[in-house]
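Student:
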DNA sequence: ACCGAACTTGATGCATCCGTCAAATTACTC
DNA sequence: GAGTAATTTGACGGATGCATCAAGTTCGGT
C-alpha cells in the first residue's frame with residue numbers, strides 16, 4: 115500500500131514496464147500495419163504474453179485509445195502549422211488536406227484513425243473530430259474567398275480521406291494524383307451541380323464508426339501445394 | 115464411357131448438377147458479399163459439401179474465373195450501350211464511368227473484379243481489360259473534343275474505380291457525390307498541373323493484381339462478455 | 001524475513017476458414 | 001442386375017486470431 119494513504123494503488127514497477135513495452139510495440143505495429151494488426155503480435159514484440167496485454171488493456175479499442183490519440187494529435191498539429199504557413203485560403207485548405215494525406219500514406223494508424231475504422235475510442239474520436247473541425251474552418255474560409263465550391267460540406271472530408279486511403283494502397287505516390295484530380299474538382303470554378311446531397315448526420319456518424327466492411331485480405335493467390 | 119468413343123469423359127448427371135448448384139450459389143454469394151466470401155458457405159448454400167467444391171474447382175480463383183466473367187461481361191456491355199446513347203464525348207465518357215460505378219455499388223463481385231482483387235483469373239482479367247480499353251477509347255474521344263483534361267491516362271481509371279469502391283462502403287449513394295467531385299476535376303477546364311505522373315505499367319500491373327492489403331474487417335467493437 | 005496482493009504467464013477454449021482424404025455413394029455400361 | 005469407375009461426402013488437420021483463467025512469480029510494506 116502507498117504510504118500517502120491514497121486509495122489508488124501505485125503500479126508495480128514490472129507492471130509499469132510491461133505497459134511501456136506494450137505501448138511502444140503497439141505504436142510500432144499500429145503505425146506499420148494498421149489498427150487491426152494482431153494483438154498477439156504486439157504482445158510478442160513487446161516481449162510479453164498475450165495475457166498481459168489483455169490484463170492491462172482489456173480490449174483492442176482500449177489499447178488504441180490509450181496509444182494512438184497522442185500520436186494522431188501530434189501529427190494533425192503538424193498539418194495545422196503546415197497549412198497556416200499559407201496566406202491564401204485555397205492553398206491553406208489544400209495544403210492541410212494534402213499534408214494529412216501524406217501522413218496517412220506513411221502511417222497506417224493515422225489512416226485508420228482518420229477514416230474511423232474503430233468505435234469505442236473516445237479520446238481518438240475527439241482528436242479526429244477536432245481535426246475535421248479545423249479542416250472545416252479552412253474550408254469555410256476558402257468558400258468565402260470564392261475559391262472552394264459552395265456545395266462542399268463538412269461531411270465531404272470523409273470522401274477525400276477515404277479515397278486517399280484507398281489510393282495509397284495502390285502504389286507509393288499515386289494518391290497525390292488522385293487527390294489532385296479531386297482538388298481540381300473542388301475549386302469553385304470547376305463546380306457543376308451535384309447529383310446527390312451530402313451524408314446526413316446519421317449517415318456520417320455511421321460512416322465514421324461502423325465502417326461497413328472495408329473488404330479485407332490480400333488478394334494474392336493462396337498458397338497451393 | 116461415352117458411346118461416341120470420345121476420350122473426354124462426359125460428366126455424370128449428379129456431377130453436372132453439383133456444378134450448377136455451386137455455380138448458382140457462387141454467383142449469389144459473390145454478388146452479395148464479394149469474391150472473398152467463405153467457400154464453405156458457397157458449398158453450404160449449394161447444398162453440397164466443401165469437398166465437392168474443391169474437387170470441382172480446386173481453387174477460389176478457378177471458381178471465380180468460371181462464374182464471374184459472364185456476369186461481368188454482361189454488365190459491362192450494358193454500360194457500353196448506356197454510354198453510347200450519348201453523342202457528346204464527355205457525356206459518353208462520364209456516363210460510362212458512372213454506369214459501371216452504379217453496378218459496382220450494387221454488386222460486390224463486379225466491384226472486386228474491376229478493382230482487381232484477385233490474381234490467376236485469366237478470363238476475368240480479359241473481360242476487365244476489355245472494359246478498360248473501352249473506357250480509354252471514350253476518354254480519348256473526350257480528350258480530342260477538348261473536354262477531358264489532356265493529362266488523364268488509362269492508368270487513372272483504376273483511381274476512379276478504387277475511390278468509388280471505397281466510397282460505396284460509406285453509405286448507399288455518396289459515391290455519386292464523390293464521383294461528381296472527381297469528374298468535375300477531370301474536365302479540361304478544371305485542370306491544374308498534376309504533382310506526380312501516372313502509374314507506370316509495372317505499378318499498374320501490380321496495382322491491378324496484388325491489391326496490397328485493402329484493410330479488412332469490420333471495425334465494430336468485438337463481442338464482449 | 002515474511003506475507004498478501006498485484007502481476008504475469010502460457011496453456012487453453014473458442015471461432016473461422018482453407019484444403020485434403022479415405023470411405024461411401026451414385027450413376028452409367030454391359 | 002451387377003460391376004466398376006466417377007463422384008460426393010464430411011470428418012479431419014492446419015493455420016490464424018481473440019479472449020480467458022488457474023497457477024506461478026514478483027513486488028513491497030510491515
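Protein chains in written order, with this note's numbering: chain A, 115 to 339; chain B, 115 to 339. We put the CB at the ideal spot given by N, CA and C, even for glycine.
(1) When DSSP labels each residue in this structure, what does residue 308(B) get in the three-state scheme?
(2) Pair every Cβ in the stretch 285–296 of chain A with every Cβ in the stretch 295–313 of chain B, then say whether three or more of these pairs are closer than 8 Å.
(3) What's the C-alpha gap between residue 215(B) and residue 163(A)?
(4) What did DSSP end up calling residue 301(B) once you bin it into helix, strand or coil?
(5) So that I know if they touch, is there some Cβ in chain A lying closer than 8 Å to that of residue 237(B)?
(6) Mind reading off the beta-carbon distance from residue 149(B) to residue 223(B)? Whole number of angstroms is fine, and I expect it under 8 Å.
(7) Three or more C-beta pairs closer than 8 Å, one from the stretch 266–280 of chain A and one from the stretch 257–270 of chain B: is that the case here?
(8) Could you check whether the stretch 154–173 of chain B touches the stretch 203–214 of chain B, counting it as contact only if at least three pairs of C-beta atoms, one from each stretch, sit closer than 8 Å?
(9) Give the straight-line distance between the Cα atoms of residue 141(B) and residue 146(A), rounded to the nearest whole angstrom.
(10) Anything in chain B within Cβ reach of residue 276(A), meaning under 7 Å, just list it in chain order.
(11) If you draw a straight line from the C-alpha of residue 283(A) to the C-alpha of residue 234(B), how long is it?
(12) Taking only beta-carbon positions, decide if residue 326(B) is within less than 8 Å of chain A.
(13) Between the alpha carbons of residue 204(B) and residue 219(A), how many angstroms are there, rounded?
(14) For the alpha helix (DSSP H) that residue 260(B) lies in, which residues bound it at each end?
(15) So, helix, strand or coil for residue 278(A), using DSSP?
(16) Assuming contact is defined by CB atoms lying nearer than 8 Å, are residue 238(B) and residue 183(B) in contact in what I supplied?
(17) For a cutoff of 8 Å on Cβ pairs, would you count residue 301(A) as touching chain B?
(18) Helix, strand or coil: which one does DSSP assign to residue 245(A)?
(19) Which chain A residues sit within Cβ distance under 9 Å of residue 152(B)?
(20) Using a C-beta cutoff of 8 Å, does residue 164(A) count as contacting chain B?
(21) Below 8 Å between beta carbons: does that hold for residue 260(A) and residue 302(A)?
(22) Can you pull the chain B neighbours of residue 209(A), defined as C-beta to C-beta under 7 Å?
(23) Along chain A, which residues have their Cβ under 7 Å away from the Cβ of residue 306(B)?
(24) Check the Cβ of residue 321(B) against every Cβ in chain A and list those closer than 7 Å, keeping chain order.
(25) Distance check for residue 185(A) and residue 241(A), CA to CA, integer angstroms please.
(26) If we require 4 or more residues per run, which alpha helix (DSSP H) segments fall completely within the stretch 175–246 of chain B?
(27) Give a yes or no on whether the C-beta atoms belonging to residue 291(B) and residue 273(A) are separated by under 8 Å.
Tutor: On the basis of the data shown:
(1) coil
(2) yes
(3) Counting only the Cα atoms, residue 163(A) lies some 46 Å from residue 215(B).
(4) It is a strand residue.
(5) no
(6) 6 Å
(7) Segment contact: the stretch 266–280 of chain A against the stretch 257–270 of chain B, fewer than three CB-CB distances shorter than 8 Å; contact not assigned.
(8) no
(9) 36 Å
(10) Result: 280, 281 and 284.
(11) One C-alpha to the other measures close to 20 Å.
(12) In this prediction, residue 326(B) has a pLDDT of 42, which is less than 50 and means its spatial position is unreliable; nothing more can be read from the coordinates.
(13) 32 Å
(14) From DSSP, residue 260(B) is part of no alpha helix (DSSP H); its letter is neither H nor E.
(15) helix
(16) yes
(17) yes
(18) helix
(19) Within chain A, not a single residue places a beta-carbon under 9 Å from that of residue 152(B); the smallest gap is close to 11 Å.
(20) The C-beta of residue 164(A) comes no closer than 8 Å to any C-beta of chain B.
(21) yes
(22) Chain B residues near residue 209(A): none, gap ~12 Å exceeds 7 Å.
(23) 298
(24) 284 and 285
(25) 10 Å
(26) Whole alpha helix (DSSP H) segments, 4+ residues: 203–220 and 222–228.
(27) yes
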